[in-house]
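11 is the number of the first residue of the sequence shown in the numbering used here; add one for each residue after it. Every residue, glycine too, gets a C-beta built ideally from N, C-alpha and C. The structure presented is a predicted model; accordingly, all values stated were derived computationally and were not measured.
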Amino acid sequence: MPGVPSNKACERCKKRHIKCDETRPHCQRCTTARVECPGYIQTRKFIDQGATVRRRYAPYQESHPKPSSGSHSHRAPAEPTDLMPQNQSQATNEQIQSNYPHEHDGPPLHHQLGETSLDSNDGPMNMEMTGPSNSRSETFPGATQQEDINVSKNPTVSIPTPIFGGDQNTGSAKTIQSPISPMSGTRGLSSFEMAYLGLSNDVPDAQRGITSQPSSHRSEKEEFQDIFSELMTGTEHEIAFLTRHYSEVLGPWLDLTDAQKWFTVYVPIRAINNLSVKYAISALSAKHLARVKGIKSPTGGMYTSPATTEVYPNDTQVDWYLKAANYYYLAASDLNNITSDGYTAVSSSAVLESPCETVGRWLNSRQTRENLKPASDDANDLMLVRKTEELLATSMILTMYRLLDANGDDWHKQLFGIRPMFQSLLDNHLPTSTSFSHGIRAAFWNFARQDYLGSYFTRSPTHFNPEDHSLWCTAGISINEKNELNVIPNGSSSFTQEDQAANGLIWLVSKVINFLAKSKESQIAQWTGSPPGTSPGAQGTSNGSQSPYPDTSTWLKLSFEFQTWFDGVPETFRPSVRIEHPKDLSRPEGPQLPFPEIFHGLTTCAATIQHYHFGRIALLLNRPADILSAPSTAFDRLQGYREVTKEVEFRSREVCGLALGRPQGCVRIFMIPLLYAVGQCLESPEEHQIIIDLLRGVEADLGWATEYAVQKLQASWNQ
Numbered sequence: 011m012p013g014v015p016s017n018k019a020c021e022r023c024k025k026r027h028i029k030c031d032e033t034r035p036h037c038q039r040c041t042t043a044r045v046e047c048p049g050y051i052q053t054r055k056f057i058d059q060g061a062t063v064r065r066r067y068a069p070y071q072e073s074h075p076k077p078s079s080g081s082h083s084h085r086a087p088a089e090p091t092d093l094m095p096q097n098q099s100q101a102t103n104e105q106i107q108s109n110y111p112h113e114h115d116g117p118p119l120h121h122q123l124g125e126t127s128l129d130s131n132d133g134p135m136n137m138e139m140t141g142p143s144n145s146r147s148e149t150f151p152g153a154t155q156q157e158d159i160n161v162s163k164n165p166t167v168s169i170p171t172p173i174f175g176g177d178q179n180t181g182s183a184k185t186i187q188s189p190i191s192p193m194s195g196t197r198g199l200s201s202f203e204m205a206y207l208g209l210s211n212d213v214p215d216a217q218r219g220i221t222s223q224p225s226s227h228r229s230e231k232e233e234f235q236d237i238f239s240e241l242m243t244g245t246e247h248e249i250a251f252l253t254r255h256y257s258e259v260l261g262p263w264l265d266l267t268d269a270q271k272w273f274t275v276y277v278p279i280r281a282i283n284n285l286s287v288k289y290a291i292s293a294l295s296a297k298h299l300a301r302v303k304g305i306k307s308p309t310g311g312m313y314t315s316p317a318t319t320e321v322y323p324n325d326t327q328v329d330w331y332l333k334a335a336n337y338y339y340l341a342a343s344d345l346n347n348i349t350s351d352g353y354t355a356v357s358s359s360a361v362l363e364s365p366c367e368t369v370g371r372w373l374n375s376r377q378t379r380e381n382l383k384p385a386s387d388d389a390n391d392l393m394l395v396r397k398t399e400e401l402l403a404t405s406m407i408l409t410m411y412r413l414l415d416a417n418g419d420d421w422h423k424q425l426f427g428i429r430p431m432f433q434s435l436l437d438n439h440l441p442t443s444t445s446f447s448h449g450i451r452a453a454f455w456n457f458a459r460q461d462y463l464g465s466y467f468t469r470s471p472t473h474f475n476p477e478d479h480s481l482w483c484t485a486g487i488s489i490n491e492k493n494e495l496n497v498i499p500n501g502s503s504s505f506t507q508e509d510q511a512a513n514g515l516i517w518l519v520s521k522v523i524n525f526l527a528k529s530k531e532s533q534i535a536q537w538t539g540s541p542p543g544t545s546p547g548a549q550g551t552s553n554g555s556q557s558p559y560p561d562t563s564t565w566l567k568l569s570f571e572f573q574t575w576f577d578g579v580p581e582t583f584r585p586s587v588r589i590e591h592p593k594d595l596s597r598p599e600g601p602q603l604p605f606p607e608i609f610h611g612l613t614t615c616a617a618t619i620q621h622y623h624f625g626r627i628a629l630l631l632n633r634p635a636d637i638l639s640a641p642s643t644a645f646d647r648l649q650g651y652r653e654v655t656k657e658v659e660f661r662s663r664e665v666c667g668l669a670l671g672r673p674q675g676c677v678r679i680f681m682i683p684l685l686y687a688v689g690q691c692l693e694s695p696e697e698h699q700i701i702i703d704l705l706r707g708v709e710a711d712l713g714w715a716t717e718y719a720v721q722k723l724q725a726s727w728n729q
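Written as structure tokens, this is what we have:
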């Protein structure tokens with residue numbers, strides 16, 4: 011066929027330098043010699059590979075107009091755009107079938123793809139919709155007119171689905187040209203936008219070995235793999251692969267205290283009919299694969315073939331960072347579209363806004379406040395609640411996308427906007443005293459957990475005010491009239507006992523973090539000589555303390571609440587396996603480890619107990635001085651310090667012991683601030699090395715950034 015030259019001789023005849031009769035499937039010479047014919051390997055070149063190849067096969071090129079940087083073609087919504095000339099498409103399919111079946115376990119690739127079409131309506135990359143009057147183009151954020159994303163050398167995938175802008179009733183819409191080339195995806199982006207979308211100015215490790223070589227020195231197989239990966243973007247198989255990866259690996263991260271598995275089970279189902287949820291899932295999955303360099307942990311059997319949706323061709327060489335940025339852009343664009351009023355065109359720069367702020371603005375709009383009726387059984391009201399759940403799920407997943415590789419000091423500001431978002435929801439629930447729906451509760455507890463972990467790094471007040479009892483009770487926990495937590499409430503609850511206890515601890519630890527923030531504020535006030543409440547860190551959310559400074563009574567009350575919580579948890583919070591002095595079995599006659607090894611059958615209980623010890627350590631190290639009851643002698647003070655040191659050491663060993671038990675990923679990603687805290691309390695080099703290994707293991711296994719915590723710990727140890 012044109013543009014596809016063939017090496018006619020079989021491999022054995024070519025090596026022996028003899029004439030081959032080219033009989034298919036096995037040549038007659040090999041058959042006569044009674045040896046297995048190795049077959050024929052056809053080397054194909056794409057027409058768009060270079061000037062030399064284009065000149066050579068110029069007579070065979072079809073007259074398809076090339077997209078230019080100054081104009082865009084406009085088509086009817088129902089007409090898919092061709093990806094490439096027919097002869098190139100056929101060459102691609104044949105090359106897929108000939109190259110890939112031997113590189114992956116399981117069925118051949120053309121069976122894995124099934125009925126997948128490269129211009130499927132599920133593909134997000136190049137979307138065109140024409141309106142009756144004025145069609146225009148929305149390019150990737152930061153791209154200029156001179157640096158348009160639609161580059162003729164790079165194939166694009168087109169679907170006729172609008173992303174944002176325009177009223178569906180009037181038919182007005184916009185054209186979005188999204189990049190799918192590793193080189194075109196980052197052109198024209200500012201450093202802020204690069205950091206926001208998770209892109210790095212450095213070439214990822216998985217791509218450095220390919221993109222750094224001149225095209226003339228690269229193998230044809232590598233060039234084909236690049237093109238094939240680009241053509242896979244947005245296809246049915248890729249979306250299915252990323253959605254399954256999310257359900258198996260990432261969804262459980264968000265369902266740590268939800269036995270009903272909202273984010274693992276329900277959210278992927280909602281994604282079937284919701285583009286923003288679908289693209290948010292794909293963005294988070296792609297970025298996670300980029301962080302782990304495309305390597306997936308085996309979840310099935312070792313000897314059985316994987317399912318089609320578990321396999322992605324050449325997954326370790328794919329530019330997952332670019333795919334993640336593309337899907338994030340599409341998710342944020344659709345989120346802005348469905349939260350706009352339908353009359354105002356949404357700018358492409360709106361994707362730089364925090365997703366929580368976008369959803370919060372919609373919840374605070376007059377139309378939403380008037381129409382959102384959580385207690386109503388009307389079908390229209392239920393649909394609006396359903397939409398609210400999907401918007402919160404999208405904002406939570408996109409927030410996790412941004413936190414995945416962020417420094418701990420940046421977590422707090424990444425969550426800006428969660429308080430007004432849930433305050434608007436609370437205002438709609440208070441008149442009827444109804445609790446949040448399942449999806450809203452699941453999103454709230456995820457935000458609340460990230461809230462106090464991010465606030466700990468900066469010693470800032472949490473976004474959610476622990477003294478706002480109506481918010482926390484509407485989210486599902488029980489607080490009595492004495493402002494005390496009921497660990498296991500008597501009445502019926504939608505939570506299991508374990509989830510109820512775990513969420514109650516989130517409220518308690520949030521109170522501790524705000525106690526630390528007030529302590530920091532009082533210290534700054536003493537250093538500067540300014541009255542309390544005027545320091546930069548005074549803009550907190552906790553206003554329940556009677557004293558301007560954290561006093562001993564507040565500290566004692568928090569300590570009592572923690573002990574009461576621990577005494578009331580169910581039996582399932584006890585570890586099922588505990589080795590007090592484990593040995594390092596990797597070395598013969600290895601020494602005993604300084605920490606125990608602890609394992610819980612329920613991941614919820616493992617994480618909760620670990621955070622319980624973290625809260626107690628934070629309280630122990632920040633007890634305010636009490637002039638009236640303070641020890642009167644130096645010996646008494648020294649004895650008090652020794653008691654505190656012993657308890658801190660015990661609880662630090664418990665935190666490390668739970669980490670050494672290597673719980674599931676949903677526990678490990680949330681213990682980074684905890685290991686950072688206990689690392690500052692321990693002294694021996696052996697203990698320091700174990701904590702460093704635990705932190706780096708989280709990043710290596712799960713892709714969650716931990717190097718910033720390692721560097722801060724090493725800096726503090728070297729002082």
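**OP:** Per DSSP, which residues does N336 bridge with? Please list them.
**Re:** Position 326 of the sequence shown holds residue 336. According to DSSP, which records beta bridges pairwise, N336 is partnered with nothing at all.
Subject >> Cα-Cα separation between V665 and T318, rounded to whole angstroms >> reply: Mapped onto the sequence shown, residue 665 falls at position 655. Mapped onto the sequence shown, residue 318 falls at position 308. Cα to Cα, the separation comes out at about 40 angstroms.
Original post:
From which residue to which residue does the alpha helix (DSSP H) around R652 run?
Top reply: Position 642 of the sequence shown holds residue 652. Element bounds for R652: 644-670.
Subject >> S615 versus F583, Y718, A669, L603, residue with shortest Cα-Cα distance >> reply: Counting from one through the sequence shown, the residue named residue 615 turns up at place 605. Note on residue identity: the sequence assigns Cys, not Ser, to residue 615. The shortest C-alpha separation from C615 is found at F583.
Subject >> Alpha-carbon to alpha-carbon, L285 and F625 >> reply: For this step, residue 625 is matched to residue 615 along the sequence shown. For this step, residue 285 is matched to residue 275 along the sequence shown. Per the sequence shown, the amino acid found at residue 625 is Gly instead of Phe. Their Cα atoms are separated by approximately 40 angstroms.
Subject >> Same chain, Cβ closer than 6 angstroms to A485, neighbours up to 5 away in sequence not counted >> reply: Residue 485 sits at position 475 when you count from the first residue of the sequence shown. F446, R451, F454.
**OP:** Could you spell out where the beta strand (DSSP E) holding I249 opens and where it closes?
**Re:** By one-based count along the sequence shown, residue 249 stands at place 239. That residue, I249, is in no beta strand (DSSP E); its alpha helix (DSSP H) goes 246-255.
Subject >> Candidates Q674, V328, A669: closest to Y686 by CA position >> reply: Here residue 686 refers to the residue found at position 676 when the sequence shown is read from its first residue. Nearest option by C-alpha distance: A669.
Original post:
The beta strand (DSSP E) spanning E607 covers which residue range?
Top reply: Numbered from 1 along the sequence shown, position 597 holds the residue referred to as residue 607. It spans 607-609 - the beta strand (DSSP E) in which E607 sits, taken as one unbroken run.
Original post:
Buried or exposed: which applies to T618, given that a residue is buried once 16 or more other Cβ atoms fall within 10 Å of its Cβ?
Top reply: Translated into the one-based positions of the sequence shown, residue 618 becomes position 608. Buried, since its Cβ has 16 or more Cβ neighbours within 10 Å.
**OP:** Could you tell me how far apart the beta carbons of K288 and A281 are, in whole angstroms, since I believe they sit closer than 8 angstroms?
**Re:** Position 278 of the sequence shown holds residue 288. Position 271 of the sequence shown holds residue 281. Right, their Cβ atoms sit about 4 angstroms apart.
**OP:** Assign K18 to one of three DSSP states: helix, strand, or coil.
**Re:** Against the sequence shown, residue 18 aligns to sequence position 8. K18: coil per DSSP, three-state reduction.
Subject >> Test item: CB-CB of L684 and H623 under 9 angstroms >> reply: Your numbering for residue 684 matches position 674 in the sequence shown. Your numbering for residue 623 matches position 613 in the sequence shown. Yes, the Cβ-Cβ distance between L684 and H623 is below 9 angstroms.
**OP:** Pull up the distance between the alpha-carbon of V658 and that of L401, whole angstroms please.
**Re:** Counted from its first residue, the sequence shown places residue 658 at position 648. Counted from its first residue, the sequence shown places residue 401 at position 391. In this model, V658 and L401 are separated by some 42 angstroms (Cα to Cα).
Original post:
Near G749, which residues of its chain fall below 7 angstroms by C-beta distance, leaving aside the five closest residues on each side in sequence?
Top reply: For the chain, the structure presents residues 11 to 729; residue 749 sits outside this window and is missing.
Original post:
Cβ of L294 within 9 angstroms of Cβ of V328?
Top reply: Numbered from 1 along the sequence shown, position 284 holds the residue referred to as residue 294. Numbered from 1 along the sequence shown, position 318 holds the residue referred to as residue 328. It is not a contact, given that the beta carbons lie outside the stated cut-off.
Original post:
Bridge partners of L299, per DSSP?
Top reply: One-based indexing of the sequence shown puts residue 299 at position 289. Its beta-bridge partners do not exist; DSSP assigns none.
Original post:
Since I701 is in the alpha helix (DSSP H), which residue starts that stretch and which ends it?
Top reply: Locating residue 701 in the sequence shown gives position 691, where the first residue counts as 1. 695-712 is the extent of the alpha helix (DSSP H) around I701.
**OP:** Could you check which residue in L692, C30, T613 has the C-alpha nearest to that of K18?
**Re:** Within the sequence shown, numbered from 1, the residue matching residue 18 stands at position 8. Answer by Cα proximity: C30.
Original post:
When DSSP builds the beta bridges, which residues end up paired with N496?
Top reply: Here residue 496 refers to the residue found at position 486 of the sequence shown. S488, per the DSSP bridge assignment.
Original post:
What is the residue span of the alpha helix (DSSP H) that I589 lies within?
Top reply: In the sequence shown, the residue the question calls residue 589 occupies position 579. No alpha helix (DSSP H) contains I589, which is instead part of the beta strand (DSSP E) from 587-589.
Subject >> DSSP-derived helix/strand/coil call for Q602 >> reply: Here residue 602 corresponds to residue number 592 of the sequence shown, with the count starting at 1. Three-state DSSP puts Q602 in a strand.
Subject >> Segment limits, alpha helix (DSSP H) that includes W727 >> reply: Position 717 of the sequence shown, counted from the first residue, corresponds to residue 727. Segment 717-727, the alpha helix (DSSP H) holding W727.
Original post:
Any idea what DSSP makes of K530, helix, strand or coil?
Top reply: As a first step, residue 530 is located in the sequence shown; it is residue number 520 there, counting from the start. It is helical.
Original post:
Which residues mark the beginning and the end of the alpha helix (DSSP H) in which V277 is found?
Top reply: What you label residue 277 is simply residue 267 of the sequence shown in a count that begins at 1. Start and end: 277-280.
Subject >> Which residues DSSP lists as bridging K765, in chain order >> reply: Outside the displayed range of the chain (11 to 729) lies residue 765, so it cannot be described from this structure.
**OP:** Give the range of the alpha helix (DSSP H) segment to which D329 is assigned.
**Re:** Along the sequence shown, one-based indexing puts residue 329 at 319. First-last for D329: undefined, no H or E at that position.
Original post:
According to the neighbour-count rule (16 or more other Cβ atoms, all chains shown, within 10 Å of its Cβ), is A403 buried or exposed?
Top reply: Reading the sequence shown from its first residue, position 393 is the one you call residue 403. By the neighbour-count rule (16 or more Cβ atoms within 10 Å), A403 is buried.
Original post:
Which residue from V522, L526, A527 puts its Cα closest to that of F572?
Top reply: Locating residue 572 in the sequence shown gives position 562, where the first residue counts as 1. The shortest Cα separation from F572 among V522, L526, A527 belongs to V522.
**OP:** Determine the DSSP secondary structure at N374, reduced to helix, strand or coil.
**Re:** Within the sequence shown, numbered from 1, the residue matching residue 374 stands at position 364. Of the three classes helix, strand and coil, the one that applies to N374 here is coil, per DSSP.
Original post:
Which of helix, strand or coil does DSSP assign to I523?
Top reply: Position 513 of the sequence shown, counted from the start, is the residue given in the question as residue 523. I523: helix per DSSP, three-state reduction.
Original post:
So what does DSSP say about Q690, is it helix, strand or coil?
Top reply: Walking along the sequence shown from the start, residue 690 turns up at place 680. In this structure, Q690 counts as coil in the three-state DSSP scheme.
**OP:** Count the other CB atoms, across all protein chains shown, that sit within 10 Å of the CB of D115; report buried if there are 16 or more and exposed otherwise.
**Re:** Here residue 115 refers to the residue found at position 105 of the sequence shown. Any reading at D115 needs caution, since the residue's pLDDT is 41, under 50, leaving its predicted position unreliable; the model's value is listed next. It counts as exposed.
Subject >> Sequence-distant residues of the same chain with beta carbon closer than 8 angstroms to Q1, five excluded per side >> reply: Past the edges of the chain, shown from 11 to 729, lies residue 1, and the structure says nothing about it.
**OP:** From the DSSP output, in three-state form, read off R633 for me.
**Re:** The residue given as residue 633 occupies position 623 in the sequence shown. In the structure shown, R633 sits in coil (DSSP, three-state: anything other than H, G, I, E or B).
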